[in-house]
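Enquirer: Okay, here's the structure, questions in a sec.
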Amino acid sequence: MPYLGSEDVVKELKKALCNPHIQADRLRYRNVIQRVIRHMTQGLDMSGVFMEMVKASATVDIVQKKLVYLYMCTYAPLKPDLALLAINTLCKDCSDPNPMVRGLALRSMCSLRMPGVQEYIQQPILNGLRDKASYVRRVAVLGCAKMHNLHGDSEVDGALVNELYSLLRDQDPIVVVNCLRSLEEILRQEGGVVINKPIAHHLLNRMPKLDQWGQAEVLNFLLRYEPRSEEELFDILNLLDSFLKSSSPGVVMGATKLFLILAKKFPHVQTDVLVQVKGPLLAACSSESRELCFAALCHVRQILHSLPGHFSSHYKKFFCSYSEPHYIKLQKVEVLCELVNDENVQQVLEELRGYCTDVSADFAQAAIFAIGGIARTYTDQCVQILTELLGLRQEHITTVVVQTFRDLVWLCPQCTEAVCQALPGCEENIQDSEGKQALIWLLGVHGERIPNAPYVLEDFVENVKSETFPAVTMELLTALLRLFLSRPAECQDTLGRLLHYCIEEEKNMAVRDRGLFYYRLLLAGIDEVKRILCSPKSDPSLGLLEDQAERPVNSWASDFNTLVPVYGKARWATISKYQGAEHRGPELPDTASFATSGPLIPEENKERVQELPDSGALVLVPNCQLTAEYFEKTWFSLKVAHQQVFPWRGAVHPDTLQMALQVVNIQTIAMSRAGAHPWKAYLSAQDDTGCLFLTELLLESENSEMQISVKQNEPRTETLNSFISVLETVFGTIGDIKS
Amino acid sequence: MIGGLFIYNHKGEVLISRVYRDDIGHRRNAVDAFRVNVIHARQQVRSPVTNIARTSFFHVKRSNIWLAAVTKQNVNAAMVFEFLYKMCDVMAAYFGKISEENIKNNFVLIYELLDEILDFGYPQNSETGALKTFITQQGIKSQHQTKEEQSQITSQVTGQIGWRREGIKYRRNELFLDVLESVNLLMSPQGQVLSAHVSGRVVMKSYLSGMPECKFGMNDKIVIEKQGKGTADETSKSGKQSIAIDDCTFHQCVRLSKFDSERSISFIPPDGEFELMRYRTTKDIILPFRVIPLVREVGRTKLEVKVVIKSNFKPSLLAQKIEVRIPTPLNTSGVQVICMKGKAKYKASENAIVWKIKRMAGMKESQISAEIELLPTNDKKKWARPPISMNFEVPFAPSGLKVRYLKVFEPKLNYSDHDVIKWVRYIGRSGIYETRC
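Chains as they are written, first to last, in UniProt numbering: chain A, 1 to 739; chain B, 1 to 437.
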């Protein structure tokens with residue numbers, strides 16, 4: 001207990017409070033009381049002088065009164081019997097001619113958190129609700145909520161509720177807002193205050209008169225109201241339009257949320273609103289109030305999930321400044337990573353590269369991960385930057401770069417070659433567990449392309465005794481066994497030594513088990529090992545398409561302007577899980593969202609991955625290479641099986657398109673260069689049954705539509721449909737990235 | 001809603017603690033949780049919103065003081081931060097700078113304020129002017145409180161306009177307008193502007209009798225183009241002097257509907273000081289200073305730095321409080337500085353050369369050169385070269401904003417626009433003004 005030694009202090013203060021000389025001198029008396037409060041603030045237990053403080057409440061000095069009431073509200077639950085003595089004074093004050101004294105007394109009386117006080121406060125509250133000074137009415141209205149809280153779950157007093165509903169028409173704005181708050185708490189069991197049409201319209205009319213807190217609160221309550229007709233809906237939106245430009249960011253966000261929710265059936269209105277709040281949001285993002293800036297950035301990220309192109313032209317606003325606090329820099333890097341497009345990718349990467357050598361290792365690593373994120377779309381440029389970073393030979397950079405490479409190779413197999421060339425030499429600069437694991441994994445899986453892979457692993461095996469992380473040893477086992485399959489001669493001896501060590505000397509059970517398992521597996525024959533260990537080396541379908549999958553505005557509108565964007569959805573779910581069903585968005589699936597997103601496969605995406613092959617049982621085979629001649633021959637021999645047009649805006653970026661198609665195992669046979677009119681492309685794909693899909697894309701310059709003709713060598717409609725939907729996804733995604 | 005509000009000093013000692021709702025748990029637990037997890041945390045602050053045991057702590061730091069609002073509910077983050085800022089503003093209006101000493105000396109007052117501003121965790125009245133009626137700073141008034149003051153409270157609390165009470169009288173009707181701007185810049189070593197913006201505020205101090213109706217005009221591009229529609233050449237002439245405002249927000253008292261339709265700013269001002277508008281511009285910013293850095297590495301143990309600053313405004317104006325901060329590597333062993341003007345010093349504790357100039361006129365140039373000796377190190381880590389930052393104050397608005405008029409009409413009392421004494425002042429300060437090197 002850090003709060004020892006309170007006894008002497010209490011004794012001394014008690015003496016002082018009882019001293020008639022001090023009591024006679026108002027200033028000295030108040031000074032002693034102030035000391036009591038000061039000790040209370042610091043955490044000393046001051047409940048010992050309760051009796052004396054109650055006596056001190058009978059005074060004409062308002063400041064002294066306030067202090068004593070503050071004291072009583074803190075300690076009343078500990079000394080309920082003594083607190084009842086003060087009630088008399090309080091009741092008397094409630095009928096004081098001065099409204100300020102009345103308000104103060106009523107507020108303090110309602111804040112005495114102790115049993116049995118209800119019977120005394122009921123009457124003063126009712127009087128307060130009808131007081132002629134609005135200051136007292138404000139206090140009384142909230143007093144109703146406090147009284148209800150004290151009661152616990154007891155039944156709702158109907159007469160009181162009606163009185164509060166009628167006070168919604170009070171002429172004082174704060175009384176109105178307090179009424180809403182109070183009703184909300186009293187009626188919580190029944191779903192909160194009811195906002196019907198007359199109330200909603202009344203509130204809308206009062207909005208301009210309210211202060212910013214009131215406005216924000218009312219906007220929140222209005223979420224509950226559902227307009228009867230479209231006409232009414234748009235009337236409301238027009239009325240509220242000016243609040244999107246309010247000087248208070250809180251009100252702007254509240255209004256935005258209300259718009260998004262009310263217009264949930266009108267996507268164009270939603271987009272309009274998001275365009276309108278762009279200015280205020282950007283202003284908040286570059287404001288000097290750091291904390292507000294942070295909150296705004298969180299919401300910008302939320303918007304970017306649905307409209308990836310929304311802030312692209314303002315990318316410079318999200319460049320970090322040297323003196324900004326850490327948390328803002330991290331958010332900005334995330335935002336930059338999400339708004340990158342063909343036009344600004346060069347500048348953004350240039351900027352991010354600068355951050356990679358920042359003094360703060362944390363920030364540097366975040367920047368490197370961000371480059372890794374962008375690399376999923378713009379692989380070549382990013383891999384080059386990352387490779388250059390390895391040249392700096394700094395531990396904290398190298399380890400993160402190697403981790404990024406590991407994730408990247410998994411998602412974008414086309415960069416494997418470049419990564420393999422960059423790896424040699426890294427091992428000298430990696431000391432931490434995560435980095436070592438990544439490097440070992442890469443060496444194991446792609447070891448056949450790295451000439452010195454076995455010798456690097458051998459070094460690791462030499463030092464395995466001093467290895468402190470069991471995870472690294474496990475990774476080493478797997479990697480070495482995999483490499484053994486492709487380069488047996490160079491690995492056999494090392495593998496033997498490692499297995500011997502793991503089985504005979506290692507103390508960690510998990511590692512030992514893994515060693516034994518592999519040993520027995522080897523006994524079962526090399527084919528069996530191959531069958532078990534040769535899993536795929538990459539899974540590109542997770543990368544590009546899944547990351548960019550469109551999230552409709554409606555999926556997060558109800559979370560906008562709450563803590564959800566600040567904490568992140570997954571984290572909020574864990575927090576709110578224990579808090580009971582107080583807040584849970586209907587779209588929050590209970591099971592999936594608890595898992596924190598891993599670096600490789602975000603949990604929510606996993607489900608979608610599984611869905612993809614299921615939908616129509618279409619599995620396209622990778623590496624189906626047709627020659628151009630064969631394609632031409634087949635193309636002319638077949639009839640068009642399906643023709644369709646997709647909406648398309650602007651020019652085509654052939655590289656992006658080709659990469660995206662490659663990811664879903666559709667090969668490009670030929671393609672016009674960018675900007676050609678008309679623009680054409682020929683694609684081919686093959687599914688696991690051997691059925692060929694040949695496709696022609698045609699984009700005429702005038703109309704904004706992409707015409708697609710598909711030919712099939714075996715007429716099967718169900719796979720054709722799923723092939724078309726795959727194409728559709730690709731075009732949808734590309735369109736998104738572009739805009 | 002806010003469950004509790006705490007104020008700490010930099011050591012984590014509680015200066016003020018006020019609990020509004022029971023749901024945040026036992027008072028001491030909440031207070032200690034924030035201290036241990038945030039103030040005493042080893043690494044830097046990860047986020048201004050911290051969740052500890054399913055309770056959210058929102059904090060704002062002012063110099064050495066931490067203000068933390070605590071809640072269990074799913075609240076609007078922006079709103080809570082705004083509230084904390086407001087709290088800081090109100091406190092600053094009462095006792096100036098928010099420092100440990102001031103807070104300790106005024107703790108009674110702060111408790112009084114907390115009592116009025118929040119009730120049951122809900123924000124109530126937060127306008128400084130309106131609050132003054134409730135707060136008994138000296139506290140001796142209560143007994144002899146005059147009838148007049150009592151009626152003031154009543155009229156204030158029943159008044160139609162929340163921000164102004166009726167019956168205000170001044171012998172001299174006076175108003176002060178301050179255009180306060182902070183100019184932010186990020187420049188590349190080659191002198192290319194990476195990003196620049198001005199965030200400005202128009203602060204008004206009004207001492208006007210009655211319920212005056214005010215109209216404020218500035219050289220906003222949209223307004224000027226609208227007015228100049230008739231005469232084409234006037235538009236082109238004034239077009240140069242007008243500015244494009246990216247976005248602006250106003251004090252509650254400004255009639256937004258009128259601004260939307262006519263773009264005119266009219267209002268009944270609160271009494272005393274308030275912030276009339278807040279705006280942001282990004283186009284045609286006058287950058288008051290240009291910093292030209294030149295860094296040369298001579299071998300492994302020596303750096304030569306030359307920095308030129310050029311002032312870029314009218315020669316008749318004077319910039320003040322100029323400070324240039326040139327970062328030095330961590331392994332600096334000694335520095336020799338030569339500067340033409342002002343004083344320069346190497347501050348080892350801050351790893352920077354700080355160059356201060358008291359005053360500098362426009363269109364001038366000044367230069368500093370420094371030789372930095374480095375200790376040879378084994379550390380392969382390259383020095384990241386933080387940007388050169390600058391602070392200054394200039395007597396004009398870098399955005400180019402000009403106040404064109406501020407008219408006052410009070411139909412009921414007999415004073416006219418001409419009788420009001422008006423003062424306008426422009427101050428441009430540096431925000432984050434950085435040049436990379």
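Beta carbons are placed, not taken as given, at the ideal position from N, Cα and C, and that holds for glycine.
Buried or exposed: which applies to T636 (chain A), given that a residue is buried once 16 or more other Cβ atoms fall within 10 Å of its Cβ?
Expert: Per the sequence shown, the amino acid found at residue 636 (chain A) is Phe instead of Thr. F636 (chain A) is exposed by the Cβ-count criterion.
Enquirer: Do the segment 274-282 of chain B and the segment 188-203 of chain B touch if we need at least three Cβ pairs shorter than 8 Å?
Expert: Result yes; three or more Cβ-Cβ pairs closer than 8 Å.
Enquirer: Check M706 (chain A) in the structure and name its three-state DSSP category.
Expert: In this structure, M706 (chain A) counts as strand in the three-state DSSP scheme.
Enquirer: Quick check: the Cα distance between L612 (chain A) and S722 (chain A), rounded to an integer number of angstroms?
Expert: Confidence in L612 (chain A) is poor, its pLDDT being 37 and thus under 50, which makes the residue's placement too unreliable to answer from.
Enquirer: Taking C-alpha atoms, which residue in A:Y225, A:R102, A:V621 and A:L516 lies nearest to N127 (chain A)?
Expert: The shortest C-alpha separation from N127 (chain A) is found at A:R102.
Enquirer: If you draw a straight line from the alpha carbon of W163 (chain B) to that of Q367 (chain B), how long is it in whole angstroms?
Expert: The alpha-carbon atoms of W163 (chain B) and Q367 (chain B) are separated by roughly 51 Å.
Enquirer: Do the CB positions of T59 (chain A) and K65 (chain A) come within less than 8 Å of each other?
Expert: Contact: yes.
Enquirer: Under a CB-based cut-off of 8 Å, is P115 (chain A) close to chain B?
Expert: So no, P115 (chain A) is outside the interface.
Enquirer: Quick check: the segment 117-132 of chain B against the segment 112-131 of chain A, are there 3 or more CB pairs under 8 Å?
Expert: Flag = no, the segment 117-132 of chain B and the segment 112-131 of chain A do not touch.
Enquirer: Counting only beta-carbon atoms, is P249 (chain A) nearer than 8 Å to chain B?
Expert: True, the Cβ-Cβ gap to chain B drops below 8 Å.
Enquirer: Spell out whether any CB of chain A is found under 8 Å from the CB atom of L5 (chain B).
Expert: For L5 (chain B), the answer is no, since every Cβ of chain A falls outside 8 Å of its Cβ.
Enquirer: Determine the direct distance from the alpha carbon of Q171 (chain A) to that of G159 (chain B), and round the result to whole angstroms.
Expert: Residue confidence is low: G159 (chain B) scores 43 on pLDDT, short of 50, so the model does not pin down where it sits. Its coordinate-derived value is still stated next. Going from the Cα of G159 (chain B) to the Cα of Q171 (chain A) covers about 9 Å.
Enquirer: Quick one, are the C-beta atoms of I708 (chain A) and T656 (chain A) less than 8 Å apart?
Expert: No.
Enquirer: Step through the CB atoms of chain A and report whether any lies within less than 8 Å of the CB of E100 (chain B).
Expert: No - not a single Cβ of chain A is within 8 Å of the one on E100 (chain B).
Enquirer: Check whether the segment 263-277 of chain A touches the segment 403-415 of chain B, taking contact to mean three or more Cβ pairs, one atom from each stretch, closer than 8 Å.
Expert: At 8 Å Cβ cutoff, the stretches do not touch.
Enquirer: Can you check whether the CB of Q686 (chain A) is closer than 8 Å to the CB of L620 (chain A)?
Expert: For L620 (chain A) and Q686 (chain A), yes; Cβs fall inside 8 Å.
Enquirer: Give the interface partners of F319 (chain A) over in chain B, defined as CB-CB distance under 7 Å, in chain order.
Expert: The contacting residues are L186, L194 and S195.
Enquirer: Determine, using beta carbons only, whether L15 (chain B) and E100 (chain B) come nearer to each other than 8 Å.
Expert: Yes, Cβ-Cβ distance for L15 (chain B) and E100 (chain B) is below 8 Å.
Enquirer: Identify the continuous beta strand (DSSP E) that holds T50 (chain B) and give its terminal residues.
Expert: Start and end: V49 to I52.
Enquirer: Is the segment 325-344 of chain B touching the segment 249-261 of chain B, taking contact as three or more C-beta pairs under 8 Å?
Expert: At 8 Å Cβ cutoff, the stretches do not touch.
Enquirer: Quick one: what's L401 (chain B) bridged to in DSSP?
Expert: DSSP lists no partner for L401 (chain B).
Enquirer: Determine the extent of the alpha helix (DSSP H) in which C214 (chain B) is found, giving its start and end residues.
Expert: Note, C214 (chain B): premise wrong, no alpha helix (DSSP H); beta strand (DSSP E) at E213 to M218.
Enquirer: Count the other C-beta atoms from every protein chain shown that fall within 10 angstroms of the C-beta of N414 (chain B), then say buried if there are 16 or more, exposed otherwise.
Expert: Per the 10 Å Cβ criterion, exposed.
Enquirer: Do you know how far the Cα of L17 (chain A) is from the Cα of V32 (chain A)?
Expert: So the alpha carbons of these two residues sit roughly 7 Å apart.
Enquirer: Is there a Cβ of chain A sitting closer than 8 Å to that of P48 (chain B), yes or no?
Expert: Chain A, which has a Cβ nearer than 8 Å to the Cβ of P48 (chain B), makes this yes.
Enquirer: Measure from the C-beta of Y322 (chain A) to each C-beta in chain B and report whether the shortest distance is under 8 Å.
Expert: Yes - at least one Cβ of chain B is within 8 Å of the one on Y322 (chain A).
Enquirer: What are the start and end residues of the beta strand (DSSP E) that includes A375 (chain A)?
Expert: Neither: A375 (chain A) is in no beta strand (DSSP E) and is coded neither H nor E.
Enquirer: Note down, in chain order, every chain A residue with its Cβ under 7 Å from the Cβ of S257 (chain B).
Expert: Per Cβ cutoff of 7 Å: S242.
Enquirer: Helix, strand or coil for E323 (chain B)? Go by DSSP, reduced to three states.
Expert: Reduced to three states, the DSSP call for E323 (chain B) is strand.
Enquirer: Considering only residues of the segment 312-384 of chain B, which uninterrupted beta strand (DSSP E) runs meet the minimum length of 3 residues and lie entirely inside it, listed in chain order?
Expert: Taking only runs of at least 3 residues, the beta strand (DSSP E) segments lying wholly in the segment 312-384 of chain B are 318-327, 332-339, 343-347, 352-361 and 365-374.
Enquirer: Nearest to S242 (chain B) by alpha carbon, out of B:Y85, B:R425, B:A397 and B:A319?
Expert: Of B:Y85, B:R425, B:A397 and B:A319, the residue nearest in Cα terms is B:A397.
Enquirer: Can you tell me whether DSSP reads I7 (chain B) as helix, strand or coil?
Expert: Three-state result, I7 (chain B): strand.
Enquirer: Whose C-alpha, out of A:L85, A:P124, A:G116 and A:Y69, is nearest the C-alpha of C94 (chain A)?
Expert: Ranking the options by Cα distance to C94 (chain A), first place goes to A:P124.
Enquirer: Taking only beta-carbon atoms, is R608 (chain A) less than 8 Å away from chain B?
Expert: Low local confidence applies: a pLDDT of 39 at R608 (chain A) is under 50, so the model's placement there is unreliable, with the coordinate-based value given in what follows. No, its Cβ sits nowhere closer than 8 Å to a Cβ of chain B.
Enquirer: So H326 (chain A) contacts chain B; which residues on that side make the cut at Cβ distance below 8 Å?
Expert: Under the 8 Å cutoff, chain B gives Q44, V45 and R46.
Enquirer: Measuring straight from C-alpha to C-alpha, what distance separates M1 (chain B) and A69 (chain B)?
Expert: About 10 Å.
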